[in-house]
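Student: Please find one structure pasted underneath; my questions will follow.
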Amino acid sequence: SQQGEEDPQALSIQEGENATMNCSYKTSINNLQWYRQNSGRGLVHLILIRSNEREKHSGRLRVTLDTSKKSSSLLITASRAADTASYFCATDAWGAQKLVFGQGTRLTINP
Amino acid sequence: NAGVTQTPKFRVLKTGQSMTLLCAQDMNHEYMYWYRQDPGMGLRLIHYSVGEGTTAKGEVPDGYNVSRLKKQNFLLGLESAAPSQTSVYFCATVAGGTDTQYFGPGTRLTVL
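As structure tokens, then:
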């Protein structure tokens, strides 16, 4: 069963706008990670936030974590065409760095 | 450094045939994982290994076997392929004491 549920399933915005994706999960976690997948490629790690952190930044990425609501959000600011990809949240709850992935959000940036 | 490589990139099998997928890494990472990705399902963990000579089951292990005889290689075997195993298979690695997973490019498998 999938731990993470992502919302929306698909998002289409204009270049330069901000994109926000949300992830909800079911059980307690050690950390939550976001990955990007370009079409036909493997996943690439974007950012990790630990259960004792509430917000983290990396370049144009901002991740928040609300453990009381079991939810996280990924904000991409000033979007670019190259940001077009699928974005997955993944939770580490069982140890051994075993990740459980959400179904992903398909982001399209229109020029 | 090649990072994580997967062989083959594409394969078509007939029902009942067997095959082995190879994942190789040159980063000296301790942990290795096999996932499958189906449309609309995200990635699901098949098997994983926390070190040479050790393997463990993930979320969807049925129909698959694995071996990690060498630290740098993680093999995924399908003994008798079924159409339900049509999927894209990804290998990933993690360095001990860290959390970031590094993914290979994937193997697209079709079982007819």
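Those sequence lines, one after another, are chains B and S. Each number in the numbering used here corresponds to the 1-based position in the first sequence with 3 added. Each number in the numbering used here corresponds to the 1-based position in the second sequence with 1 added. Beta carbons: idealized from backbone N, C-alpha and C, even for Gly.
1. Report yes or no: do three or more beta-carbon pairs, one from the region 66–84 of chain B and one from the region 12–24 of chain B, lie closer than 8 Å?
2. Ordered along the chain, which non-local residues of its own chain (more than five positions away) have a Cβ less than 7 Å from that of G17 of chain S?
3. V5 of chain S to T94 of chain B, Cα distance in whole Å?
4. Using only the alpha-carbon positions, how far apart do R39 of chain B and A93 of chain S sit?
5. For M42 of chain S, which residues in chain B fall below 7 Å Cβ to Cβ?
6. Nearest-angstrom Cα distance between G107 of chain B and L51 of chain B?
7. One question on the structure: do N41 of chain B and A88 of chain B come within less than 8 Å of each other, judged by their Cβ atoms?
8. Whole angstroms is fine: what's the gap from S68 of chain S's alpha carbon to N113 of chain B's?
9. I'd like to know if R109 of chain B contacts chain S, where contact means its C-beta is closer than 8 Å to some C-beta of that chain.
10. Does the beta-carbon of T30 of chain B have 16 or more other beta-carbons within 10 angstroms, so that it is buried, or is it exposed?
11. What does the Cβ neighbour count give for K58 of chain B, buried or exposed, with the cut at 16 atoms within 10 Å?
12. If distances are taken between C-alpha atoms only, which option among B:E18, B:L102, B:L110, B:T111 comes closest to I32 of chain B?
13. Looking only at its own chain, which residues have a Cβ that is under 7 Å from the Cβ of Q73 of chain S, when we skip the five neighbours before and after it?
14. Report the rounded CA-to-CA distance for K10 of chain S versus E31 of chain S, giving the unit in angstroms.
15. Excluding the 5 residues flanking D10 of chain B on each side, which residues of the same chain have their C-beta closer than 6 Å to its C-beta?
16. H30 of chain S lies in the beta strand (DSSP E); which residues open and close that run?
17. Going along chain S in order, which residues have a C-beta closer than 8 Å to the C-beta of D95 of chain B?
18. For G62 of chain B and chain S, any beta-carbon pair shorter than 8 Å?
19. Look at the Cβ atom of L66 of chain B, then the Cβ atom of S54 of chain B, and state whether they are nearer than 8 Å.
20. List the residues of chain B whose Cβ lies closer than 9 Å to the Cβ of V13 of chain S, in chain order.
21. How many Å lie between G59 of chain S and G52 of chain S at the Cα?
22. Kindly list, in the order they appear in chain S, the residues whose Cβ is closer than 9 Å to that of N34 of chain B.
23. Going by Cα to Cα distance, which pick from S:T21, S:N66, S:G54, S:T87 is closest to P40 of chain S?
24. Rank S:G107, S:Q102, S:L110, S:L113 by C-alpha distance to the C-alpha of W37 of chain B and give the top, closest one.
Tutor: Considering the structure as presented:
1. Yes, the region 66–84 of chain B touches the region 12–24 of chain B.
2. In the same chain as G17 of chain S, and ignoring 5 residues on each side of it, the C-beta atoms closer than 7 Å to its own belong to S81, A82, in chain order.
3. Rounded to the nearest angstrom, the two C-alpha atoms are 22 Å apart.
4. Rounded to the nearest angstrom, the two C-alpha atoms are 14 Å apart.
5. Q106
6. 16 Å
7. Here N41 of chain B is near A88 of chain B, since their CB atoms are less than 8 Å apart.
8. 44 Å
9. no
10. exposed
11. Per the sequence shown, the amino acid found at residue 58 of chain B is Glu instead of Lys. E58 of chain B comes out exposed.
12. B:L102
13. Cβ neighbours of Q73 of chain S beyond the five flanking positions: A25, Q26, D27.
14. 24 Å
15. Correct list, in chain order: N25.
16. No beta strand (DSSP E) holds H30 of chain S; DSSP gives it neither H nor E.
17. D100
18. no
19. A small correction: the amino acid at residue 66 of chain B is Val; Leu does not occupy that position in the sequence shown. No; because the gap between Cβ atoms is not below 8 Å, this pair is not in contact.
20. Near V13 of chain S there are no residues of chain B at all, since even the closest Cβ is about 17 Å away, more than 9 Å.
21. Taking C-alpha positions only, G59 of chain S is separated from G52 of chain S by approximately 15 Å.
22. Near N34 of chain B (Cβ distances below 9 Å), the residues of chain S are D100.
23. With distances taken between Cα atoms, P40 of chain S lies closest to S:T87.
24. S:Q102
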